[in-house]
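Taking it in order: structure first as structure tokens, then the write-up.
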Amino acid sequence: MVLWEQNLKTVLQIQLGLLATGLPLTETQQITMQAIANQCRYEGGYGVLLARQMVPGQTYDDEVLCSARGRSESKTLSSTFTVFPNPASDYIQLNAGNHASAGTIDLINALGQVVRTYTWEGSETRLNIADVPNGAYYLNIRAQGFAPQVQQVVILR
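Numbered per our numbering, the sequence shown finishes at 165, counting up by one with no gaps.
Given below as structure tokens:
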């Protein structure tokens with residue numbers, strides 16, 4: 009499934025769930041919607057636009073969001089964290105540089121469910137994903153003194 013299809017499927021599943029239950033977005037669903045909303049709308053498709061409607065108070069500069077097109081190396085989360093490789097098969101490497109020294113990472117599937125939680129210390133850590141099924145996931149990275157950051161990763165073998 010390509011990125012725009014996965015985004016649309018995820019957003020629609022969350023929206024249908026909200027309609028069925030009448031409950032507000034959970035924290036995990038908010039993180040998922042924000043991660044989709046932060047994508048380039050040309051690559052992420054209609055799901056990006058729908059997610060942006062569900063995350064009020066944000067403005068998006070698509071020239072900046074889309075400027076990273078074609079990068080096959082790591083994706084930088086602000087200037088703090090680097091996550092690679094992406095797509096990944098057996099592990100994901102997190103580099104925090106000299107900025108953060110410890111924290112936690114939630115691996116979240118497309119349905120907004122936390123699949124695994126990792127803790128990390130030091131400037132580098134390797135996350136074992138060898139037994140995680142193929143698919144699109146989100147890493148919710150938390151470190152003391154930093155706002156949570158979300159990175160989308162694809163696991164593909």
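All C-beta atoms, glycine included, are put in the ideal place defined by N, C-alpha and C.
Small disclaimer: the values here were computed from a predicted structure and weren't measured.
Exercise for review: Can you tell me the Cβ-Cβ gap for residue 94 and residue 161, rounded? I've got them flagged as a contact below 8 angstroms.
Suggested key: By one-based count along the sequence shown, residue 94 stands at place 86. By one-based count along the sequence shown, residue 161 stands at place 153. Contact holds; Cβ gap of about 5 angstroms.
Check your understanding: How is the beta strand (DSSP E) around residue 158 delimited, first residue to last?
Key -> Numbered from its first residue, the sequence shown carries residue 158 at position 150. First-last of the beta strand (DSSP E) with residue 158: 157-163.
Exercise for review: State the Cα-Cα distance for the pair residue 144 and residue 14, rounded to the nearest angstrom.
Suggested key: Walking along the sequence shown from the start, residue 144 turns up at place 136. Walking along the sequence shown from the start, residue 14 turns up at place 6. Their Cα atoms are separated by approximately 8 angstroms.
Check your understanding: How many Å lie between residue 49 and residue 59 at the Cα?
Key -> The count along the sequence shown starts at 1 and reaches residue 49 at position 41. The count along the sequence shown starts at 1 and reaches residue 59 at position 51. For residue 49 and residue 59, the distance between alpha carbons rounds to 10 angstroms.
Check your understanding: Out of curiosity, what's the CA-to-CA distance linking residue 128 and residue 16?
Key -> Position 120 of the sequence shown, counted from the first residue, corresponds to residue 128. Position 8 of the sequence shown, counted from the first residue, corresponds to residue 16. Straight-line Cα distance between these residues: approximately 32 angstroms.
Point to revise | Alpha carbon of residue 12 to alpha carbon of residue 124, nearest angstrom | key: Indexing the sequence shown from 1 puts residue 12 at position 4. Indexing the sequence shown from 1 puts residue 124 at position 116. Roughly 24 angstroms separates the two Cα atoms.
Check your understanding: Considering only C-alpha positions, which residue in the set 61, 47, 31 and 28 is nearest to residue 158?
Key -> Walking along the sequence shown from the start, residue 158 turns up at place 150. Comparing Cα-Cα distances from residue 158 to each of 61, 47, 31 and 28, the minimum goes to 47.
Exercise for review: Tell me whether residue 112 is buried or exposed, calling it buried when 16 or more other Cβ atoms sit within 10 Å of its Cβ.
Suggested key: Residue numbering aside, residue 112 sits at position 104 when the sequence shown is read from its first letter. When all chains shown are included, residue 112 counts as exposed.
Check your understanding: Run through DSSP, which three-state label would residue 54 get?
Key -> Position 46 of the sequence shown, counted from the first residue, corresponds to residue 54. In this structure, residue 54 counts as helix in the three-state DSSP scheme.
Practice item. Reducing DSSP to helix, strand and coil, say where residue 18 ends up. Key: For the purposes of this step, residue 18 is taken as residue 10 along the sequence shown, with counting starting at 1. Three-state DSSP puts residue 18 in a helix.
Point to revise | Simplified DSSP state of residue 111, which is helix, strand or coil | key: Position 103 of the sequence shown holds residue 111. Strand at residue 111.
Check your understanding: So which of 55, 53, 42 and 54 has the shortest CA-CA distance to residue 4?
Key -> Residue 4 is absent from the structure shown; the chain starts at 9 and stops at 165.
Practice item. Give the straight-line distance between the Cα atoms of residue 63 and residue 31, rounded to the nearest whole angstrom. Key: Working through the sequence shown from its first residue, we reach residue 63 at position 55. Working through the sequence shown from its first residue, we reach residue 31 at position 23. Taking the straight line from one Cα to the other gives about 16 angstroms.
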